[in-house]
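**Student:** Below are the C-alpha coordinates for one structure; questions will follow.
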Amino acid sequence: MRLLVVLLVVVSGFLLPVQIALNGRLRTALDSPIMAALISFLVGTAALLLATQLGLLGGRGSGLAGLRTAPGWAYLGGLCGAFYVLLAIVALPRVGAAVTVASAILGQQVASLLLDTFGWLDVPRIPLTWPRVAGAVLLFAAVLILQKR
(Lines of atoms letter the chains of each structure in order from A and count residues from 1; the text may use other names and numbers.)
(Lines give C-alpha, C1' and ligand atoms only; values in the text may rest on other atoms or scores of the structure.)
Protein backbone atom coordinates (compact mmCIF):
# COMPACT_ATOMS: atom_id res chain seq x y z
CA MET A 1 0.00 0.00 0.00
CA ARG A 2 2.86 2.37 0.85
CA LEU A 3 4.35 1.89 -2.64
CA LEU A 4 0.99 2.64 -4.24
CA VAL A 5 0.74 5.88 -2.28
CA VAL A 6 4.27 6.89 -3.32
CA LEU A 7 3.46 6.10 -6.97
CA LEU A 8 0.28 8.17 -6.81
CA VAL A 9 2.25 11.08 -5.36
CA VAL A 10 4.75 10.72 -8.23
CA VAL A 11 1.81 10.89 -10.66
CA SER A 12 0.49 13.99 -8.90
CA GLY A 13 3.96 15.53 -9.17
CA PHE A 14 4.03 14.62 -12.86
CA LEU A 15 0.77 16.50 -13.27
CA LEU A 16 2.09 19.75 -11.71
CA PRO A 17 3.94 20.97 -14.83
CA VAL A 18 0.99 19.82 -16.93
CA GLN A 19 -1.28 21.91 -14.70
CA ILE A 20 1.05 24.88 -15.05
CA ALA A 21 1.03 24.58 -18.84
CA LEU A 22 -2.76 24.20 -18.97
CA ASN A 23 -3.24 27.20 -16.68
CA GLY A 24 -0.69 29.18 -18.72
CA ARG A 25 -2.72 28.55 -21.87
CA LEU A 26 -5.88 29.56 -20.02
CA ARG A 27 -4.12 32.73 -18.90
CA THR A 28 -3.33 33.57 -22.53
CA ALA A 29 -6.95 33.02 -23.56
CA LEU A 30 -8.33 35.07 -20.65
CA ASP A 31 -5.49 37.63 -20.60
CA SER A 32 -5.49 37.41 -16.81
CA PRO A 33 -3.47 35.20 -14.45
CA ILE A 34 -5.98 35.72 -11.64
CA MET A 35 -8.96 34.72 -13.80
CA ALA A 36 -7.04 31.66 -15.02
CA ALA A 37 -6.31 30.67 -11.41
CA LEU A 38 -9.95 31.22 -10.47
CA ILE A 39 -11.21 29.02 -13.31
CA SER A 40 -8.63 26.38 -12.39
CA PHE A 41 -9.87 26.33 -8.80
CA LEU A 42 -13.52 26.24 -9.88
CA VAL A 43 -12.83 23.18 -12.05
CA GLY A 44 -10.87 21.61 -9.19
CA THR A 45 -13.70 22.36 -6.76
CA ALA A 46 -16.21 20.70 -9.07
CA ALA A 47 -13.95 17.64 -9.34
CA LEU A 48 -13.59 17.44 -5.56
CA LEU A 49 -17.35 17.76 -5.06
CA LEU A 50 -17.86 14.87 -7.48
CA ALA A 51 -15.15 12.79 -5.75
CA THR A 52 -16.84 13.46 -2.41
CA GLN A 53 -20.21 12.36 -3.74
CA LEU A 54 -18.68 9.18 -5.17
CA GLY A 55 -16.93 8.45 -1.87
CA LEU A 56 -13.46 8.39 -3.45
CA LEU A 57 -10.36 8.39 -1.22
CA GLY A 58 -12.17 8.70 2.08
CA GLY A 59 -15.33 10.30 0.77
CA ARG A 60 -17.32 12.45 3.14
CA GLY A 61 -15.38 11.78 6.33
CA SER A 62 -17.02 13.43 9.34
CA GLY A 63 -18.77 15.90 7.09
CA LEU A 64 -19.10 19.57 7.79
CA ALA A 65 -19.45 18.92 11.53
CA GLY A 66 -15.68 18.42 11.63
CA LEU A 67 -15.13 22.05 10.61
CA ARG A 68 -15.62 23.13 14.22
CA THR A 69 -12.77 20.94 15.47
CA ALA A 70 -10.05 22.15 13.07
CA PRO A 71 -7.68 24.85 14.33
CA GLY A 72 -7.97 28.20 12.56
CA TRP A 73 -4.61 27.82 10.83
CA ALA A 74 -5.79 24.60 9.15
CA TYR A 75 -8.01 26.66 6.84
CA LEU A 76 -5.07 28.45 5.22
CA GLY A 77 -4.24 25.57 2.85
CA GLY A 78 -6.47 27.04 0.16
CA LEU A 79 -4.52 30.30 0.31
CA CYS A 80 -1.28 28.38 -0.15
CA GLY A 81 -2.74 26.57 -3.15
CA ALA A 82 -4.06 29.79 -4.67
CA PHE A 83 -0.67 31.48 -4.22
CA TYR A 84 1.12 28.53 -5.84
CA VAL A 85 -1.23 28.29 -8.82
CA LEU A 86 -1.19 32.05 -9.44
CA LEU A 87 2.60 32.31 -9.20
CA ALA A 88 3.08 29.28 -11.44
CA ILE A 89 0.85 30.90 -14.06
CA VAL A 90 2.88 34.11 -13.86
CA ALA A 91 6.26 32.35 -13.81
CA LEU A 92 5.74 29.92 -16.70
CA PRO A 93 6.09 32.40 -19.59
CA ARG A 94 9.05 34.10 -17.88
CA VAL A 95 11.22 31.18 -16.80
CA GLY A 96 9.66 28.06 -18.37
CA ALA A 97 8.12 24.93 -16.91
CA ALA A 98 11.35 23.28 -15.74
CA VAL A 99 12.57 26.23 -13.65
CA THR A 100 9.06 26.93 -12.33
CA VAL A 101 8.59 23.36 -11.15
CA ALA A 102 12.15 22.92 -9.85
CA SER A 103 11.84 26.16 -7.86
CA ALA A 104 8.53 25.02 -6.42
CA ILE A 105 10.02 21.65 -5.48
CA LEU A 106 12.95 23.39 -3.79
CA GLY A 107 10.52 25.48 -1.75
CA GLN A 108 8.51 22.37 -0.92
CA GLN A 109 11.64 20.54 0.20
CA VAL A 110 12.86 23.35 2.45
CA ALA A 111 9.41 23.75 4.01
CA SER A 112 9.13 19.97 4.42
CA LEU A 113 12.46 19.77 6.21
CA LEU A 114 11.39 22.55 8.57
CA LEU A 115 8.01 20.91 9.24
CA ASP A 116 9.63 17.51 9.84
CA THR A 117 12.46 18.84 11.98
CA PHE A 118 10.38 21.04 14.27
CA GLY A 119 7.03 19.22 14.10
CA TRP A 120 5.22 22.40 13.08
CA LEU A 121 1.53 22.20 12.08
CA ASP A 122 1.15 18.81 13.81
CA VAL A 123 3.58 17.07 11.43
CA PRO A 124 5.38 14.10 13.02
CA ARG A 125 8.97 15.00 13.93
CA ILE A 126 11.76 13.50 11.84
CA PRO A 127 15.31 14.52 12.77
CA LEU A 128 17.33 16.62 10.34
CA THR A 129 20.24 14.57 9.01
CA TRP A 130 23.10 15.37 6.67
CA PRO A 131 21.65 13.26 3.84
CA ARG A 132 18.38 15.21 4.08
CA VAL A 133 20.28 18.51 4.02
CA ALA A 134 22.34 17.24 1.07
CA GLY A 135 19.13 16.45 -0.82
CA ALA A 136 17.91 20.02 -0.37
CA VAL A 137 21.30 21.41 -1.42
CA LEU A 138 21.20 19.25 -4.56
CA LEU A 139 17.72 20.60 -5.35
CA PHE A 140 19.07 24.13 -4.96
CA ALA A 141 21.91 23.24 -7.35
CA ALA A 142 19.35 21.85 -9.80
CA VAL A 143 17.45 25.13 -9.82
CA LEU A 144 20.68 27.02 -10.49
CA ILE A 145 21.65 24.65 -13.30
CA LEU A 146 18.20 24.74 -14.90
CA GLN A 147 18.40 28.57 -14.99
CA LYS A 148 21.28 28.37 -17.48
CA ARG A 149 20.15 28.72 -21.07
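The sequence shown begins at 1 in the working numbering and counts up by one. The beta carbon of each residue, even a glycine, is placed where N, CA and C say it ideally should be.
Please classify Arg149 as buried or exposed, where buried requires at least 16 other C-beta atoms within 10 Å of its C-beta.
**Tutor:** exposed
**Student:** Kindly give me the distance between the Cβ atoms of Leu121 and Leu115, rounded to whole angstroms, as I take these residues to be in contact under 8 Å.
**Tutor:** 6 Å
**Student:** With a Cβ-Cβ cutoff of 8 Å, do Val90 and Leu146 count as a contact?
**Tutor:** The Cβ atoms of Val90 and Leu146 do not sit closer than 8 Å to each other.
**Student:** Compare the beta carbon distance of Leu138 and Leu128 with 8 Å and say whether it is the shorter of the two.
**Tutor:** no
**Student:** Give the range of the alpha helix (DSSP H) segment to which Ser40 is assigned.
**Tutor:** 33-54
**Student:** Whole angstroms is fine: what's the gap from Leu48's alpha carbon to Leu76's?
**Tutor:** 18 Å
**Student:** Where does Leu144 fall in DSSP's three states?
**Tutor:** Leu144 sits in a helix when the DSSP states are folded into three classes.
**Student:** Classify Ala182: buried if its beta carbon has 16 or more other beta carbons within 10 angstroms, exposed otherwise.
**Tutor:** This structure cannot speak to residue 182, because the chain is shown only from 1 to 149.
**Student:** Helix, strand or coil for Ala21? Go by DSSP, reduced to three states.
**Tutor:** helix
**Student:** Tell me which same chain residues have a C-beta within less than 7 Å of the C-beta of Phe140, skipping the five on either side of it?
**Tutor:** Leu106
**Student:** Please check the pair Ala82 and Phe41, which I expect to be a contact at CB under 8 Å, by giving their CB distance rounded to whole angstroms.
**Tutor:** 7 Å
**Student:** Given that a residue counts as buried once 16 or more other Cβ atoms are within 10 Å of its Cβ, and exposed if not, what is Ile20?
**Tutor:** buried
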